[in-house]
Each structure stands twice: as structure tokens, then as C-alpha cells.
Amino acid sequence: METLDFLATGFSVALAPMNLALVLIGCFVGTLIGSLPGIGPINGVAILLPLAYAMGFPPESALILLAGVYYGAEYGGRISSILLNVPGDAGAIMTTLDGYPMSQKGEGGRALALSAVASFAGSIGALILIVLFAPLLSELALKFGPSEFVWLMAFAFTCLATMVGSRPLKTTVGVIIGLLLATVGVDSGTGVLRFTMDIPNFFDGVDFLVVVIGMFAISEVLILLENWLKNDMKLTPVGKSFVSMSDLIAVKWVVLRSTLIGFVIGVLPGTGASIGSAVAYGTEKRFAEGNDDQFGKGDIRGLAAPEAANNASAAGSMLPMLTLGIPGSGTTAILLGALLMFNITPGPLLFEQQPEIAWGLIASMFVGNIALLVMNLPLIGMFVRLLSIKQSYLVPIIVMLTFIGIYSIHGDSFDLYFMVLLGVFAFILRKLGFSLAPVILGLVLGGVLEENLRRALSISGGEWGILFNGPISISLAVATLVAATGPFIYKALKPKQ
Amino acid sequence: MFDRLFAGALLGLSGLIAWTAYHFEVAFQYEPLGPKAFPLILSAVLAVCSVWLIIKPSANKWAPTGAVLIKLISGVLLMTGYAFLFEKAGFIISTAIVGTVFCVLFGEQTKRAVLYSVTLSVVSYFILKHVLQLNVPTGMLFGG
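Residue numbers (the working numbering), protein chains in the order written: chain A, 1 to 497; chain B, 1 to 144.
Right under this line is the structure:
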């Protein structure tokens with residue numbers, strides 16, 4: 001019952017006129033960003049974060065806006081997947097497999113409508129699970145001491161290393177780079193300046209926003225430059241957009257299963273929508289065995305599964321971020337960084353001490369998803385038309401927004417140079433097959449990890465054995481070990497085909 | 001090859017970090033770990049990872065053509081120039097210039113690029129400055 005009270009508080013926050021407007025703006029911008037090939041949710045959130053910060057929104061409003069962009073983009077990503085065979089973001093890659101063949105058969109409208117409903121069902125399903133699990137998880141997390149948090153983060157990084165990116169080794173390097181970036185600046189315990197190279201701008205640490213924008217947005221501009229081709233993509237005609245009851249009934253179990261899969265993968269630290277949708281698609285294909293010859297040729301099950309899953313995992317990745325302070329995906333790492341900038345520490349206490357933020361965000365996601373369903377059914381034509389916007393017009397806007405966003409924080413050109421430098425560095429990382437999400441996760445969690453490690457060892461007087469004290473620590477240590485070795489054992493045991 | 005070069009650089013970096021961290025002058029310290037331990041642990045892990053990467057690099061097929069490389073370098077120079085001009089020349093002028101070049105880099109005709117970028121910079125200036133009330137540099141030319 002208590003949960004319902006909190007949820008009511010949340011809705012009173014989410015339905016306040018300004019927050020309602022921000023949800024709608026966030027969802028609209030998110031769908032737009034998701035549908036444009038090249039700019040995914042991470043970039044969208046990264047570009048808008050400094051603007052939201054500089055405009056002085058209260059933390060819950062800023063979070064509501066940015067989260068709206070995040071899950072809005074998961075809706076939008078499907079549009080160009082279906083119509084152009086170009087995924088709008090990483091979570092929509094699997095959507096191209098059956099979505100594009102459908103639009104080639106002249107069923108673009110049917111595909112867009114069905115995938116919008118699947119996205120909606122995935123999100124709402126995951127949100128209901130969040131409402132159920134958030135109080136339980138935050139209650140459990142209240143029992144966490146410093147050593148438990150150390151293991152939780154070790155677990156998060158291990159999941160990330162074994163499941164994300166081209167090679168576990170490279171992901172680990174990415175995490176270490178992020179953690180090292182987090183150590184720059186004055187050490188709060190002793191006042192020692194670390195790795196500042198005597199540059200005053202670094203005394204306070206490297207600015208999170210500059211790193212995020214530099215690494216994601218600026219490197220993205222360079223990637224767009226490299227991959228630029230004359231924009232002669234032909235839109236397949238959409239046809240009539242309609243939701244048919246028989247389609248919905250045919251995929252209801254597919255959507256339910258995919259929602260669960262997406263949610264679980266979203267909750268796992270570090271693994272986001274792209275993995276969720278891939279696993280859901282694979283599972284459905286196996287479920288349909290013997291009856292799966294249409295998969296990849298425009299099967300509605302193959303369309304509904306990834307769309308339900310990527311939205312469920314986008315929502316699911318919010319759960320560990322809010323309750324434990326451990327982001328479930330790269331984009332939620334940025335949201336976590338945003339909260340830290342507002343001096344709010346996500347974690348179990350957030351639900352008790354600042355319910356308006358945690359529950360306000362959850363409630364706003366219910367509102368936002370309803371708005372997105374409306375935007376993505378009758379208004380779909382508008383987004384489709386925006387797809388044909390040329391990159392030559394888009395890139396100047398992106399560059400302009402990143403520069404003004406960073407400049408307006410401190411009013412210092414140094415940040416702009418540093419941002420470009422980081423962009424070049426991140427471009428090289430991407431070209432070498434390193435993914436950037438681990439770096440951001442390391443950067444966001446670095447301070448907390450070090451603090452908890454030092455606190456744990458202060459308690460024990462320098463005795464490392466404290467890390468294996470208590471049942472929760474030991475279970476988390478075992479989970480970390482399983483996450484580290486599991487995928488390799490699985491690969492070794494799997495019979496070769 | 002790229003991997004080995006990069007891993008070599010990382011190995012050097014990890015050494016530098018370890019050396020710097022080891023020489024932090026800590027005036028007082030109330031806890032067993034202090035500010036040195038965490039960076040030292042990280043640099044050790046980084047060193048191990050770099051050596052591993054040098055021994056077992058991944059294949060890399062990235063081979064940009066000369067034209068692409070020129071494009072990339074001009075993109076970087078352009079953004080550096082933007083950073084240089086942003087405060088000095090002000091938002092409107094710097095955005096108009098940099099926007100135009102970016103438009104052209106992405107294949108737009110010069111005339112339309114100029115028209116688009118000038119409109120973009122003037123309109124955005126008023127939106128960002130007066131509607132969103134951000135800290136937008138006016139530039140010396142306009143008395144900012």
C-alpha cells in the first residue's frame with residue numbers, strides 16, 4: 001500500500017504543468033533523435049544535459065526531461081529501421097530484420113503501428129516491474145555497507161566486460177580509463193591534488209559534462225564525417241498506418257516474453273537495449289522453430305520481439321540506477337552523472353529521502369509512454385518526413401548545441417578545447433573497437449568505488465578480508481565470479497555446430 | 001598494428017600514472033589506503049591489460065583513404081577553430097563561419113550553406129540567449 005502512496009506522490013510531481021511539458025518535449029525530441037540515423041539516445045541525452053543544467057531546472061524536472069529523451073529514442077529508433085533499413089540507434093538493429101522486409105512489401109504502416117504498440121507494451125510492462133521491485137531492492141540495498149558496494153561495482157564492471165563490446169579486454173581497458181579520469185582533481189580525504197598537471201580547471205576534477213559531450217557527440221560528428229555519403233536514401237512509402245487486433249493477438253505472448261527478457265537484461269548492469277533486443281529476437285526464433293521460415297522476411301513476431309525488448313530494457317536499466325546507484329546502461333550512466341551534478345546521490349536513501357525524484361521519474365515514464373504511443377501512431381507521418389533532413393543541415397546544429405551547452409556551464413573556452421581533444425581521443429577508441437559506455441560507467445562510478453573501498457578498509461584497519469565479510473558480500477563476490485567465467489564456460493561447453 | 005601502438009601508449013601511461021601517484025605528497029592521512037592506493041591499483045591493472053593487448057591484438061581493418069583522412073582532420077581543425085573563435089568573435093559570427101564549412105564538408109552548395117548557417121546562427125542566438133537564457137558569448141564586434 002505504501003508503494004501506491006509513493007506512486008501517487010510521483011504522479012503529483014509528474015503531472016505538474018512544467019514537468020508535464022518537459023515529458024512531452026523530452027519524448028518528442030527523443031523520438032526525433034532516435035529516428036535520425038547516427039544520433040542515438042546516448043548522444044541525445046548528452047547534448048541536452050548541459051542545456052538542461054544551464055537552464056537551472058530542478059533536478060527532478062531535468063531528469064524527467066532527459067529520461068524522456070532516452071526512452072523516446074527507443075521508440076524513434078524503429079522508424080528508420082523499418083523504412084530505410086538503417087537502424088536509428090543500436091537498440092533498433094534487430095528491428096531492421098523483419099521491419100524492413102515488411103515495408104518493402106508495402107506494409108510499412110502496419111509495421112510502424114504494430115511496433116509502436118509493442119514498444120508501448122514493453123515499456124509499461126517494465127515500468128510495472130520497476131514499481132514492484134524498486135521498494136524491495138532499495139530495502140535490500142539499505143543493508144549494504146562499503147564492502148557490499150565495492151562488490152556491486154565489481155559485479156557491474158564484470159557484467160559489462162563479458163557482455164558488451166568486441167572483447168572483454170578492451171572493455172576492461174575502457175573502464176580503467178574512466179576510473180582513472182575520475183581520480184583527477186583534489187582528493188577529498190586528504191586535500192592532495194591528483195593528476196591535475198597544474199591546470200586549475202582540473203583541480204575540481206574533470207568536468208563530467210565535458211567528457212560526456214566530447215566523447216560521444218564530438219566523436220560522433222567525426223564518425224558522420226567519415227561515413228558521409230550523398231544522402232540518396234529512398235523512403236519506402238508508408239502506406240496506411242493502422243493497428244489490427246488480429247496482429248496484436250498473434251504477438252501477445254511474444255511481447256510478454258520479450259518484455260521480461262528485455263527487463264532482466266536492462267536491469268543487469270551495463271547491458272542495455274541492444275543486447276536485450278538481440279536476445280529477445282533469438283529467443284522468439286527458437287520458440288517458433290518449425291514455423292520460423294518467415295523470420296527475416298517480414299514476420300510480425302520478429303518485429304514485435306526486439307521492439308518490446310529494447311523498450312523494456314531501457315526502462316529496466318533505470319531500476320539499478322535509482323535503487324543502487326549502479327547504471328544499467330551507458331545512457332543511464334549519463335543520467336546518474338546528471339543526478340550527481342545536482343548533488344543527489346542515487347541509491348536506497350533516494351526513495352526515502354527524496355521520493356519526489358525517484359517516484360516522480362517513474363510516474364513521468366508512465367505519462368511519457370502514453371504520450372509516445374499517441375505521437376507514434378497518428379503523428380508518425382511527421383517523423384517520417386523529418387527522416388529526409390540532410391546531414392549537412394543537421395551537423396551544424398549538433399556542433400552548435402554541444403559548444404553552447406559546454407560553454408554556458410563555466411563560460412570558459414578551455415572546456416571547449418578539452419572537449420574537442422576528448423572527441424578525437426574517443427574517435428580513436430571507437431576505431432580501435434573500444435566501446436565508450438564502459439568509460440562513462442567508470443567515470444561515473446570511480447569516485448563512489450574509491451570512497452567505498454577506502455571506507456571499508458578504514459573500518460577494518462587495513463585488513464582486506466573485510467571484503468568477504470557477511471553473506472551479501474560473499475554472494476556478490478560469487479555473482480562476480482560467475483559473471484566473469486560464465487560466458488567462457490558456456491562457450492566451452494556448447495556443442496560445436 | 002593499431003592495437004599494439006595504442007597498447008604501447010597505454011603501457012607508458014600506466015607507468016607514468018604509477019610514478020606520479022607514488023610521489024603524491026600526503027601531509028596527513030587518517031585511513032590505511034590514502035590517495036595513492038586506488039590509482040596504483042588501476043595503473044597495475046591497466047599495465048597488465050596493455051601487455052595482454054600487445055601480445056594478442058585484434059585485427060583492425062580501418063584504412064581510411066586520403067580523402068577521408070583530410071576530411072577528418074579538417075573536421076578536427078574546424079572544431080578547434082570554433083573553440084578559438086567562440087568567445088572572441090562571438091556566437092553569431094563563429095557559428096555562421098563554422099556552420100558554413102561543415103555544410104560544405106557534408107556536400108552542400110556554398111551559396112545554400114552560407115544562407116543556412118547565417119540564418120541558423122542568428123535565429124539560435126536569440127532563442128538560446130533570450131528564450132532559454134543561456135550564457136551565449138556576444139563577441140567583441142557587438143560590444144560583448
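Ideal Cβ positions, reconstructed from N, Cα and C, are used throughout, including at glycine.
Quick caveat: nothing in here was measured; it's all calculated off a predicted structure.
DSSP-derived helix/strand/coil call for residue i
| i | result |
| --- | --- |
| A:Arg385 | helix |
| A:Leu432 | coil |
| A:Arg194 | strand |
| A:Val23 | helix |
| A:Val211 | helix |
| A:Val186 | strand |
| B:Gly66 | helix |
| A:Lys230 | For A:Lys230, the predicted model reports a pLDDT of 49, less than 50, meaning its position is unreliable; a value from the coordinates is still stated below. The answer is coil: DSSP assigns A:Lys230 none of H, G, I, E or B. |
| A:Thr345 | coil |
| A:Lys390 | coil |
| A:Arg167 | coil |
| B:Ile17 | helix |
| B:Pro32 | coil |
| B:Met1 | coil |
| A:Ser317 | coil |
| A:Ile39 | coil |
| B:Lys71 | helix |
| A:Ile93 | coil |
| A:Asn201 | helix |
Whole-Å CB distance - residue i paired with residue j, under 8 Å assumed
| i | j | result |
| --- | --- | --- |
| A:Gly368 | A:Tyr71 | 7 Å |
| A:Tyr75 | A:Asn376 | 6 Å |
| A:Gly328 | B:Pro35 | At roughly 30 Å, the Cβ-Cβ gap does not stay under 8 Å, so A:Gly328 and B:Pro35 are not in contact. |
| B:Tyr125 | A:Val399 | 15 Å between Cβ atoms; not a contact. |
| A:Ser313 | A:Ile265 | 5 Å |
| A:Pro396 | B:Leu120 | 6 Å |
| A:Val254 | A:Ala217 | That pair is no contact at about 36 Å. |
| B:Leu78 | B:Val104 | Going by Cβ atoms, the distance from B:Leu78 to B:Val104 rounds to 10 Å, so no, they are not a contact pair. |
| A:Tyr281 | A:Met94 | 5 Å |
| B:Leu10 | B:Ser58 | Not really, about 14 Å apart at Cβ, beyond 8 Å. |
| A:Val420 | B:Val101 | Incorrect: roughly 15 Å between the Cβ atoms, too far for contact. |
| A:Gly77 | A:Ser258 | Going by Cβ atoms, the distance from A:Gly77 to A:Ser258 rounds to 15 Å, so no, they are not a contact pair. |
| A:Gly272 | A:Thr331 | 7 Å |
Cut-off 7 Å between Cβ atoms - residues of its own chain near residue i, not counting five sequence neighbours on either side
| i | result |
| --- | --- |
| A:Ile300 | Leu114, Asp247, Ala250 and Val251 |
| A:Ala141 | Thr323, Leu324, Gly347 and Pro348 |
| A:Ile357 | Pro59, Glu60, Leu63, Ile344 and Leu350 |
Interface residues of chain B facing residue i [CB-CB closer than 9 Å]
| i | result |
| --- | --- |
| A:Thr158 | Here the premise fails: no neighbours, minimum Cβ distance about 13 Å. |
Residues near residue i in its chain [Cβ-Cβ closer than 6 Å; skip 5 each side]
| i | result |
| --- | --- |
| A:Cys27 | Gly68, Gly72, Gly368, Ala371 and Leu372 |
| B:Ala21 | Lys36, Pro39 and Leu40 |
| A:Gly44 | Ile33, Val69 and Ala73 |
| A:Pro487 | Thr162 |
| A:Gly10 | Trp359, Gly360, Ile362 and Ala363 |
| B:Ala113 | Thr100, Cys103 and Val104 |
Spatial neighbours of residue i in its chain, beta-carbon cut-off 8 Å, leaving aside the 5 residues before and after
| i | result |
| --- | --- |
| A:Ile176 | Gly442 |
| A:Val23 | Ala14, Ile64, Leu65, Gly68, Ser364, Val367, Gly368 and Ala371 |
| A:Leu467 | Ser147, Val150, Trp151, Ala456, Ser473 and Ala477 |
| A:Asp415 | Asn201, Asp207, Val210, Ile406, Tyr407 and Ile409 |
| A:Asn500 | A query on residue 500 of chain A cannot be resolved here, the shown segment of chain A reaching from 1 to 497 and no further. |
| A:Gly296 | Leu97, Asp98, Pro101 and Gly302 |
Residues that residue i contacts on chain A, provided the C-beta gap is smaller than 7 Å
| i | result |
| --- | --- |
| B:Gly34 | Thr190 |
| B:Tyr116 | Tyr393 |
| B:Trp52 | Leu169 |
Partners in chain B for residue i, counting only beta-carbon separations shorter than 7 Å
| i | result |
| --- | --- |
| A:Leu179 | Leu42 |
| A:Gly411 | Asn135 |
| A:Lys431 | Trp62 |
Within chain A, partners of residue i - CB distance below 9 Å
| i | result |
| --- | --- |
| B:Val98 | Pro396, Val399, Met400 and Phe403 |
Under 8 Å by beta carbon: chain B residues contacting residue i
| i | result |
| --- | --- |
| A:Asp187 | Pro35 |
| A:Glu450 | Phe38 |
| A:Met215 | Per Cβ cutoff of 8 Å: no residues; A:Met215 is ~14 Å from chain B at best. |
Interface residues of chain A facing residue i [CB-CB closer than 8 Å]
| i | result |
| --- | --- |
| B:Lys71 | Leu225, Glu226 and Trp228 |
| B:Ala83 | Phe403, Ser413, Leu416, Tyr417, Met419 and Val420 |
Three or more C-beta pairs below 8 Å linking the region 335-351 of chain A and the region 452-461 of chain A: no
Cβ contact check for the region 57-65 of chain B and the region 377-386 of chain A: 3 or more pairs under 8 Å: Cβ pair count under 8 Å is below three, so no.
Contact between the region 404-422 of chain A and the region 473-482 of chain A (3+ Cβ pairs under 8 Å): Judged by pairs of C-beta atoms under 8 Å, the region 404-422 of chain A does not touch the region 473-482 of chain A, as fewer than three such pairs exist.
Sufficient close CB pairs (3 or more, under 8 Å) joining the region 28-36 of chain A to the region 86-95 of chain A: yes
Meets three-Cβ-pair contact criterion under 8 Å: the region 421-439 of chain A and the region 311-318 of chain A: no
Inter-stretch contact at 8 Å, needing at least 3 Cβ pairs: the region 177-188 of chain A / the region 37-47 of chain B: yes
Sufficient close CB pairs (3 or more, under 8 Å) joining the region 129-139 of chain B to the region 84-94 of chain B: yes
Sufficient close CB pairs (3 or more, under 8 Å) joining the region 142-149 of chain A to the region 456-472 of chain A: Touching, per the Cβ criterion.
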